[in-house]
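Inspection log for the structure reproduced underneath, given as structure tokens.
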Amino acid sequence: MKLSHLILWLFLIGLSTKSSAINPERYVVNLASAENFPLASNGKIASVLVSKNDFSGVLRVAGHLENDLFKVTDLHSKRINSISEATDFVIIIGTLGKSEIIDQLAKEGKIDANQLKGKWEKFTTQIVENPFNGIKKALVIAGSDKRGTIYGIYDLSSQIGVSPWYFWADVPVKKQSDLHVLPGVHTQEEPKVKYRGIFINDEAPALSGWAFENYGGFNAKFYDKVFELILRMKGNYLWPSMWGRMFYVDDPQNAVLADEYGIVMGTSHHEPLTRAHAEWAKLGKGKWDFNTNSENLISFWKDGMKRIGNTETIVTVGMRGDGDEPMTQGTAIGLLENIVKTQRDIIKEVTKKPIEETPQMWALYKEVQEYYDKGMRVPDDITLLLCDDNWGNIRKLPELDAKPRKGGYGIYYHYDYVGGPRNYKWINTNQIERTWEQMDLAYQYGVDKIWIVNVGDIKPMEFPIEFFLDMAWNPEKFNAGNLDQYYVQWAKENFGGQNADEIAAILKLYTKYNARRKPELLQEKTYSITNYKEAENIVAAYKKLVQEADQINDELQPEYKDAFYQLVLFPVLASSNLNELYVSTAKNQLYASQGRASANSYAKQVKELFEKDSLLTNYYHTKLANGKWNHMMSQTHIGYTSWQEPKNNVIPKTQLIELPNKSEAGIAIEGSESWWPNSKEEIVLPTFNSLENKTFYVDLFNRGTKPFDFKITTKSDWVVVSKLKGKIDEEERILVDIDWKKVPKGDLKSQFTITAYKQKFVVNVIAKNIKLTGIEGFVESNGIIAIDAQNYSKAIDGNLIKWTTILNIGKTASGVTLKPSNFQSIIVSEQSPRLEYEVHFFSKGNVKVQAYFSPTINFSIRDGLKYGIGFDSEVPQIMNLNQDNSDKNWNASVADNIKIITSSHTIENSGHHILKMYGVDPALVLQKIVIETESGQLLKSYLGPPESFKTK
Numbered sequence: 015m016k017l018s019h020l021i022l023w024l025f026l027i028g029l030s031t032k033s034s035a036i037n038p039e040r041y042v043v044n045l046a047s048a049e050n051f052p053l054a055s056n057g058k059i060a061s062v063l064v065s066k067n068d069f070s071g072v073l074r075v076a077g078h079l080e081n082d083l084f085k086v087t088d089l090h091s092k093r094i095n096s097i098s099e100a101t102d103f104v105i106i107i108g109t110l111g112k113s114e115i116i117d118q119l120a121k122e123g124k125i126d127a128n129q130l131k132g133k134w135e136k137f138t139t140q141i142v143e144n145p146f147n148g149i150k151k152a153l154v155i156a157g158s159d160k161r162g163t164i165y166g167i168y169d170l171s172s173q174i175g176v177s178p179w180y181f182w183a184d185v186p187v188k189k190q191s192d193l194h195v196l197p198g199v200h201t202q203e204e205p206k207v208k209y210r211g212i213f214i215n216d217e218a219p220a221l222s223g224w225a226f227e228n229y230g231g232f233n234a235k236f237y238d239k240v241f242e243l244i245l246r247m248k249g250n251y252l253w254p255s256m257w258g259r260m261f262y263v264d265d266p267q268n269a270v271l272a273d274e275y276g277i278v279m280g281t282s283h284h285e286p287l288t289r290a291h292a293e294w295a296k297l298g299k300g301k302w303d304f305n306t307n308s309e310n311l312i313s314f315w316k317d318g319m320k321r322i323g324n325t326e327t328i329v330t331v332g333m334r335g336d337g338d339e340p341m342t343q344g345t346a347i348g349l350l351e352n353i354v355k356t357q358r359d360i361i362k363e364v365t366k367k368p369i370e371e372t373p374q375m376w377a378l379y380k381e382v383q384e385y386y387d388k389g390m391r392v393p394d395d396i397t398l399l400l401c402d403d404n405w406g407n408i409r410k411l412p413e414l415d416a417k418p419r420k421g422g423y424g425i426y427y428h429y430d431y432v433g434g435p436r437n438y439k440w441i442n443t444n445q446i447e448r449t450w451e452q453m454d455l456a457y458q459y460g461v462d463k464i465w466i467v468n469v470g471d472i473k474p475m476e477f478p479i480e481f482f483l484d485m486a487w488n489p490e491k492f493n494a495g496n497l498d499q500y501y502v503q504w505a506k507e508n509f510g511g512q513n514a515d516e517i518a519a520i521l522k523l524y525t526k527y528n529a530r531r532k533p534e535l536l537q538e539k540t541y542s543i544t545n546y547k548e549a550e551n552i553v554a555a556y557k558k559l560v561q562e563a564d565q566i567n568d569e570l571q572p573e574y575k576d577a578f579y580q581l582v583l584f585p586v587l588a589s590s591n592l593n594e595l596y597v598s599t600a601k602n603q604l605y606a607s608q609g610r611a612s613a614n615s616y617a618k619q620v621k622e623l624f625e626k627d628s629l630l631t632n633y634y635h636t637k638l639a640n641g642k643w644n645h646m647m648s649q650t651h652i653g654y655t656s657w658q659e660p661k662n663n664v665i666p667k668t669q670l671i672e673l674p675n676k677s678e679a680g681i682a683i684e685g686s687e688s689w690w691p692n693s694k695e696e697i698v699l700p701t702f703n704s705l706e707n708k709t710f711y712v713d714l715f716n717r718g719t720k721p722f723d724f725k726i727t728t729k730s731d732w733v734v735v736s737k738l739k740g741k742i743d744e745e746e747r748i749l750v751d752i753d754w755k756k757v758p759k760g761d762l763k764s765q766f767t768i769t770a771y772k773q774k775f776v777v778n779v780i781a782k783n784i785k786l787t788g789i790e791g792f793v794e795s796n797g798i799i800a801i802d803a804q805n806y807s808k809a810i811d812g813n814l815i816k817w818t819t820i821l822n823i824g825k826t827a828s829g830v831t832l833k834p835s836n837f838q839s840i841i842v843s844e845q846s847p848r849l850e851y852e853v854h855f856f857s858k859g860n861v862k863v864q865a866y867f868s869p870t871i872n873f874s875i876r877d878g879l880k881y882g883i884g885f886d887s888e889v890p891q892i893m894n895l896n897q898d899n900s901d902k903n904w905n906a907s908v909a910d911n912i913k914i915i916t917s918s919h920t921i922e923n924s925g926h927h928i929l930k931m932y933g934v935d936p937a938l939v940l941q942k943i944v945i946e947t948e949s950g951q952l953l954k955s956y957l958g959p960p961e962s963f964k965t966k
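When we follow my numbering, the leftmost residue of the sequence shown carries the number 15, and every step to the right adds one.
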């Protein structure tokens, strides 16, 4: 077939020639052909044939497929259990070695058993002509094992348009009357990561309130929904709810159902030998102390191992203190080694199997990593579960030259956390770009046995959960260049192809904005309301997302609105509202100190926004999906004063001021918290620059109750103000601009005068009309040069490593890093990989360069992750990202979600220079560079100054 004909054929059957991040291969189409298999066609639907001898979980999930087919087609599939019942077109489902039907097909060579034998969780889906007498054509879904078959079934469900989130986010199923499977062997091969799962944690009051209201608790009815969700996303592993919960005790059917589904169970880092923490409080005897109470602990652990029987479990070994705390002060290595040895003796005694046949893991969580760092080792068959810092930054990875371990390595990652510097569990704040960057790093360092992520209440982490599990199946299919596509594909899958690009853009931006600072950490002082228009830009950006999300919501088909509210609209509305709440609080507090009449208006606005937060939550709980999700958004998030949450949301403090019954004028300017006539300093606006062509503002405000008139006169005709006269009730912002066509080249000064109710304010203007000749790169303005890292002038790559831009990662624009990440430290030389940034200074002398990095932790045995920096031919300074590894510094870097390293340099002459950033160690993600000259004044802000002008 000619290529042009092939493309036309693909177009006609509705199959995209592009692969999808979620479904790498689209094999269900709506057009019939002689080669295709008719799942549903002309009002008829294929029967489902499954051997009764197959796993009960396969039989259960085959029923899910039948339900899914009915949701899509309104046709009921007939379930049959023997070949003799089958006619015409049949879906045959089964596990190799368990289903006699599949085994017979393999024996007769109608499916290739070699593709499945000995494989882990693999499935093949293919059309077989005339498989048995009386059957014209079969669609055969065959699995290498129980989960392989189940994944094959759910993969077909996904192909016909059933989202994993059909229940958990009310994603509707699009009706289709014709479904046809394309020929070929369809498979997603084996997963690259063996165990891929989620941890339900910090689940009170949201998920727990919902579970008790709907199911009476965390019982098998509840977990039925959880197990199905995990498997639909091709996960296989769960740490169950554990805040006062006991998976095996609360409902003995929990474990039975997990085993039926094929879910591998585990327990968290401080719950050894399958015993939930709450079990010790209820059933344990004595203290949780192996030194003084080993006999009772051994008995307790033995009962845990007896209880699990032959079910698939990864057994947690080791021991921490009672209640997610350190076991001892300091590191008692001998004690912990003895505990692990005792636990392994218990496992061997109870299972009566060689110890290495029972999967085990030791979590190097928090203080436990110190045991490992100080030399403690466990037997080779135990998986070392490495961890992040609870904030998405991996703490430890195996060395590149480490000896392979039979048990391998895993990662415990966080989307939700209770602890310092602040809980975060209300809303999704996770950028998939950062998750990809860190988990790609882990995978490149050989971490492929366990990937598990703390997901809090499950909702509202739907999007990053699916990304995590998709990536875990095959990390090699994800790269910095296709993360954008993932957003779009996910939007298509969950909203029926409607507004996919627009929804993807909103998902990308709201998670970026929320990741800048967790909502629980926000306060009135987070964003500057005087410098760089920062706070106003933050509020405006969120409001733009609200406007776009509202517009999409208006356009969506009605059945998609509940899903859209949960997955997109609510997080945008709630996050926008919260940010505006704190900015309004900041304005109230500053304006009250200045005596502005508008301070009282902002106090009122704070009350309204606080109430709006509760109304949004109330809608989510009582109106959305007819009240289905009551309790689910009840995590408190306003009014934190320490790491732990307040019992209820607390409105920020505001101040009402008493205004005199008269007119009284005051002014304030951009870049200053001072106000006049209170300040005795000259009023000087920031310097205008012809290249940037920015405006600056003057706020003219009333400090009394009576309005007053004002007028503005300018000394020079090139000074332009947005309003020359008017009346002030509360306040008005006057924008000041320069008509550069009227300004001579060079540095000029002028003034304008504001006359307002018996007072005159003289405002000084400094303008710099720059001659572009000979200027290259980023240009100094107000003594500052700010650069977004991806806008380098030149990138010099290494032999095997390349500078890679990760679009959208971080707080402002994007990030740049060296990939792949599995390289040893580089000695800086002229041949080193480096980024070059051309800059132009108007001044000379000492400068400070602030390099903004993602808050990556030193995951190696080096003394820190390093980079080199220098101007022109300067000998590079070697800077250590992790020089200060104090708790105080870590708290600041994760709270701010940035790490800023400052180096000092001397610029001998003004004019053109090249800043060079040298790669030394892997995993440093550079986001931004800010250069401050001696004459500059870097104004306080959260995001740093906006990017400087750059010549083309």
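Virtual Cβ for every residue (Gly too), placed ideally from N, Cα, C.
Tell me whether residue i sits in a helix, a strand or coil according to DSSP, three-state version.
i: H284; result: coil
i: Y711; result: strand
i: L311; result: helix
i: M256; result: coil
i: S34; result: With a pLDDT of 49 at S34, under the threshold of 50, the modelled position of this residue cannot be trusted; read the value that follows with caution. The answer is coil: DSSP assigns S34 none of H, G, I, E or B.
i: Y426; result: strand
i: V270; result: helix
i: Y431; result: strand
i: A819; result: The displayed chain sequence assigns Thr, not Ala, to residue 819. Note: T819 maps to strand in three-state DSSP.
i: W689; result: coil
i: A290; result: coil
Provide the residue(s) that pair with residue i in DSSP beta bridges, ordered along the chain.
i: T728; result: F766
i: M390; result: Answer is none; M390 lacks a bridge partner.
i: E864; result: The amino acid occupying residue 864 in the given sequence is Gln; Glu does not appear at that position. DSSP, once it has assigned bridges, lists T916, V944 as partnering Q864.
i: F509; result: Per DSSP, none; premise fails for F509.
i: W376; result: V331, L398
i: M279; result: L252, T327
i: S55; result: K58
i: A682; result: D713
i: A809; result: L849
Just confirm the distance between the C-beta atoms of residue i and residue j, as a whole number of angstroms; I'd bet it's less than 8 Å.
i: I921; j: K858; result: 5 Å
i: N513; j: I566; result: 5 Å
i: G258; j: A292; result: 5 Å
i: Y426; j: L399; result: 5 Å
i: E242; j: H78; result: 7 Å
i: E695; j: S688; result: 7 Å
i: W253; j: G231; result: Contact doesn't hold; Cβ gap of about 18 Å is too wide.
i: Y879; j: D935; result: The question names Tyr, but residue 879 in the sequence shown is Leu. Between D935 and L879 the Cβ distance is about 4 Å, and since that is below 8 Å, they are a contact.
i: V354; j: G332; result: 6 Å
i: T109; j: F84; result: Their Cβ separation, rounded to whole angstroms, is 24 Å, which puts T109 and F84 out of contact at 8 Å.
i: F710; j: E744; result: That pair is no contact at about 21 Å.
Short of 7 Å in beta carbon distance, which residues of its chain neighbour residue i, apart from the five on each side in sequence? Order them along the chain.
i: D576; result: D184, L638, A639
i: I810; result: P847, R848
i: S955; result: S542, N545, Y546, E548
Please return the same chain residues whose Cβ sits closer than 8 Å to the Cβ of residue i, not counting the five positions on each side in sequence.
i: Y664; result: The amino acid at residue 664 is misidentified as Tyr; the sequence shows Val. Correct list, in chain order: I652, G653.
Using a Cβ-Cβ cutoff of less than 6 Å, which residues in the same chain neighbour residue i once the five nearest sequence positions on both sides are dropped?
i: I801; result: F792, Y851, I943
(request) Let me know the alpha helix (DSSP H) ranges lying completely inside the region 533 to 576, each 4 residues or longer, listed in chain order. (result) Fully enclosed alpha helix (DSSP H) runs of 4 or longer: 548 to 569.
(request) Within the region 130 to 215, note down every full alpha helix (DSSP H) run reaching 4 residues or more, in order along the chain. (result) Listed in chain order, they are 160 to 173.
(request) Note down, one range per segment and in chain order, each alpha helix (DSSP H) of at least 4 residues found wholly within the region 867 to 918. (result) The region 867 to 918 contains these whole alpha helix (DSSP H) runs: 901 to 910.
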